[in-house]
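Structure (structure tokens):
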């Protein structure tokens, strides 16, 4: 199982969502996509997208200085 | 109803083109299909070198308002249209160019950014896209 990391720190709407979607398209079933970012709305919307696509949301974690990290299994 | 967004881009105003592309990308990112049908003033933006050339829909003030918004957008790190188009196409979005507009406005195929356009078509193609779309917008 591969792990794909996406760095969207400092990016705004809709880039974190779009980059996550790109990584999920690239991933094979079972692979994990890990996105980190700072855009507040994306922290809520990326899990919404995962749910809508029937993917497993593994983790949403807050870091320092408003950063967050989301892990999704394809 | 399919999970699909079918958006008509009638305006060529810079702010509205951004809205259309952000909505289209948002739809694809949320797992929907998406198509953008560029017609009338919207189609002018698909001309070579025309992407970012539209005026601001309100308070353009001979380009001063437009310049100010552009500066604000840069500060906010909004992705440029070139990237938004690239992402939209990469995620499987369709960009449809209205052939009636081409005829009326004398736009030739070689005037347009063929690399951004999925298909040259008419109202029938748009309606076929919209038939089972759960989201339809006119911008």
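Chains as they are written, first to last, in our numbering: chain R, 696 to 769; chain F, 118 to 256. The C-beta atom is built at its ideal place from N, Cα and C for all residues, glycine as well.
Cutoff 9 angstroms: residue i Cβ touching any chain R Cβ
| i | result |
| --- | --- |
| residue 120(F) | yes |
| residue 195(F) | yes |
| residue 206(F) | no |
Contact set between residue i and chain F, taken where Cβ atoms lie within less than 7 angstroms
| i | result |
| --- | --- |
| residue 709(R) | 139, 142, 143 and 146 |
| residue 706(R) | 194 |
Chain-ordered neighbours of residue i on chain F, where CB pairs are closer than 9 angstroms
| i | result |
| --- | --- |
| residue 747(R) | 120, 147, 148 and 149 |
Residue j beta carbon less than 9 angstroms from that of residue i
| i | j | result |
| --- | --- | --- |
| residue 243(F) | residue 190(F) | no |
| residue 210(F) | residue 144(F) | yes |
| residue 723(R) | residue 769(R) | yes |
| residue 149(F) | residue 251(F) | yes |
| residue 239(F) | residue 254(F) | no |
| residue 717(R) | residue 208(F) | yes |
| residue 764(R) | residue 751(R) | no |
| residue 703(R) | residue 139(F) | no |
CA nearest to the CA of residue i, picked from the options
| i | options | result |
| --- | --- | --- |
| residue 747(R) | 235(F), 179(F) and 147(F) | 147(F) |
| residue 700(R) | 714(R), 733(R), 725(R) and 752(R) | 714(R) |
| residue 220(F) | 249(F), 132(F) and 156(F) | 156(F) |
| residue 141(F) | 228(F), 198(F) and 182(F) | 198(F) |
| residue 226(F) | 164(F), 127(F), 138(F) and 125(F) | 164(F) |
| residue 720(R) | 762(R), 745(R) and 756(R) | 745(R) |
Short CB-CB distance (under 9 angstroms) between residue i and chain F
| i | result |
| --- | --- |
| residue 715(R) | yes |
| residue 766(R) | no |
| residue 744(R) | yes |
| residue 740(R) | yes |
| residue 720(R) | yes |
Within chain R, the residues that residue i reaches when beta carbons sit closer than 9 angstroms
| i | result |
| --- | --- |
| residue 130(F) | The contacting residues do not exist; residue 130(F) stays about 19 angstroms from chain R at best. |
Heavy atom of the ligand PLP within 8 angstroms of residue i beta-carbon
| i | result |
| --- | --- |
| residue 753(R) | Inclusion of the ligand PLP in the displayed structure is not the case, the ligand content being empty and no account of it being possible. |
Check: Which runs of the alpha helix (DSSP H) spanning at least 4 residues fall entirely within the stretch 171–245 of chain F, listed in chain order?
Finding: 181–192, 198–207 and 216–221
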